[in-house]
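Mapping the sequence shown onto my numbering, position 360 (from 1) lands on 348, and the numbers just tick up by one. Inspection log for the structure reproduced underneath, given as structure tokens.
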Amino acid sequence: MDLLKKLSFLFFFLTFVFPVYAFDVDELLDGDGLSSGFTHFLRIGIKTDVVSFSLEGDAKVFDKKERAVGEIQGRVTVSAAQGGIKVGSKVFNGDMVKFTSELIPLKFEGRMFRGEIEVYVKNSKLIVVNKLDIEDYVKGVINKEAIPSWPVEAKKTQAVLARTFAVYQKMFNPRSEFFDLAPTVLDQVYDGLGKEDVTSVEAVNATRGEVITLGNDPAKIYFHSTCGGTISSSAEIWKKDEPHLQELKCPYCTKSSLYRWKRNLKAAEIAKKLGVKSIKSISTVRGRTRVESVVVDGKKFPVNKFRELVGFSVIWSNDFTVTKSGANFVFSGKGAGHGVGVCQWGMAGMAAQGKNHYEILKFYLKGIEIRKMY
Ligand SMILES: [Zn+2]
-11 MDLLKKLSFL FFFLTFVFPV YAFDVDELLD GDGLSSGFTH FLRIGIKTDV VSFSLEGDAK
49 VFDKKERAVG EIQGRVTVSA AQGGIKVGSK VFNGDMVKFT SELIPLKFEG RMFRGEIEVY
109 VKNSKLIVVN KLDIEDYVKG VINKEAIPSW PVEAKKTQAV LARTFAVYQK MFNPRSEFFD
169 LAPTVLDQVY DGLGKEDVTS VEAVNATRGE VITLGNDPAK IYFHSTCGGT ISSSAEIWKK
229 DEPHLQELKC PYCTKSSLYR WKRNLKAAEI AKKLGVKSIK SISTVRGRTR VESVVVDGKK
289 FPVNKFRELV GFSVIWSNDF TVTKSGANFV FSGKGAGHGV GVCQWGMAGM AAQGKNHYEI
349 LKFYLKGIEI RKMY
């Protein structure tokens, strides 16, 4: 059940959120490239628009100009105050303070975070930012995006994907003037170091600084749980051709529990979810490799709209057929997710057959290189 929960979370992220970025890659790739004095720190906006929060640790407090202005010991409440930020009973003037702890990670609302905690005040609300080394960030996220029991080469592959995603967002698409990434499905799910384990740390250390590049820039990467046998091109799925996101056959994801799936749904239940009275017929319109739209009694739904309404973890992918069976409709599908880029169960399958993470990434992403950024 835990695995299913994780999967459904992952699929929501991969299928619903990722396509948002599919249209802005070209405009964003005209940056200075990899050698432009990139520092390997990331800023994650772990909380925004709050009036107060709790922080615990033995830490020094610095102001915006990096001057040590105080310290905390134990648990304190941090809140927005007139003209500044109140920490415990003391008000620090100005619009920013920073907490650093050299020995033990700081605890923000009960969860531990590596690196520093920066606090900004804007319009009487606080923005809480965790500033940390990209490597520490990747250690915290890869078990959220990968299945913890996968072989280490699959985890290394996921580490390079997660790092590339973060670097790309920082360079070309930061979330706000205060931070690069959100800690949620909008970017990659991150809640501190609680998700780290021995193999995730090993996978990150073994790939330190490695980033997927296309030409001189980090590549915009996409991955999904299970392709079901065929990877689709971005040209087909998002109507935008990307050199590294091409159609190919993937024979490696057969171990996924969603390689093939079936859902038997009551017509009345689907009707309720779609907001219609009743349903007589459902059919699909297919593109080259996957369903483009679903036709319900003559009304056309784009496939992802249909999946969103019926449930991303009910209709697991955009590759399925529908048949009528009495008062029910039976959906028979292949794979899970949008089917573009790297197939995660495929990468686990390749790793199990002894392929290394370079071979895995180059199999799924055409024309890319993996370069050490630092
Ligand atoms: Zn696959």
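The beta carbon of each residue, even a glycine, is placed where N, CA and C say it ideally should be. Being a predicted model, the structure only gives us computed values, none of them experimental.
- Look at Gln61 here: in three-state DSSP terms it is strand.
- Apart from the 5 residues on each side of it in sequence, Asn306 sits with its Cβ closer than 6 Å to the Cβ of Arg278, Val279 and Val291 in its chain, given in chain order.
- Assigned with DSSP and collapsed to three states, Asp37 falls in strand.
- Secondary structure note for Val117: its beta strand (DSSP E) is the uninterrupted segment Lys113 to Asp121.
- Closest in alpha carbon position to Gln61, among Gly76, Arg55 and Gln70, is Gly76.
- Closest in C-alpha terms to Arg31, from the list Gly103, Pro93 and Arg55, comes Gly103.
- 8 Å or more divides the Cβ of Gly329 from the Cβ of Tyr346.
- The three-state secondary structure of Gly337, taken from DSSP, is helix.
- A distance criterion of 7 Å places the beta-carbon of Thr145 beyond contact range of ligand 1, judged by its closest non-hydrogen atom.
- In this chain, Ser281 is not harboured by any alpha helix (DSSP H); it is covered by the beta strand (DSSP E) spanning Val279 to Val284.
- Of the other Cβ atoms in all chains shown, 16 or more fall within 10 Å of the Cβ of Lys343; this residue is therefore buried.
- The residue among Phe160, Lys143 and Phe153 with its C-alpha nearest the C-alpha of Gly334 is Lys143.
- Contact check between the segment 313 to 324 and the segment 198 to 209: fewer than three CB pairs, one atom from each, fall below 8 Å, which does not count as touching.
- Taking every residue with its beta carbon within less than 5 Å of a heavy atom belonging to ligand 1 gives, in chain order, Cys215, Cys238, Cys241, Cys331 and Gly334.
- Taking C-beta atoms under 8 Å as the contact rule, Lys74 and Ser67 qualify, at a distance of about 5 Å.
- By alpha-carbon distance to Ala69, the top candidate from Glu54, Val189 and Lys113 is Lys113.
- Between the segment 138 to 154 and the segment 93 to 100, the count of C-beta pairs closer than 8 Å stays below three; the two stretches do not touch.
- In the DSSP annotation of this structure, the continuous segment of the alpha helix (DSSP H) that includes Val189 starts and ends at Val186 to Ala194.
- Burial state of Leu91 is exposed, judged by a 10 Å Cβ sphere holding fewer than 16 other Cβ atoms.
- Secondary structure of Leu297 (DSSP, three-state): helix.
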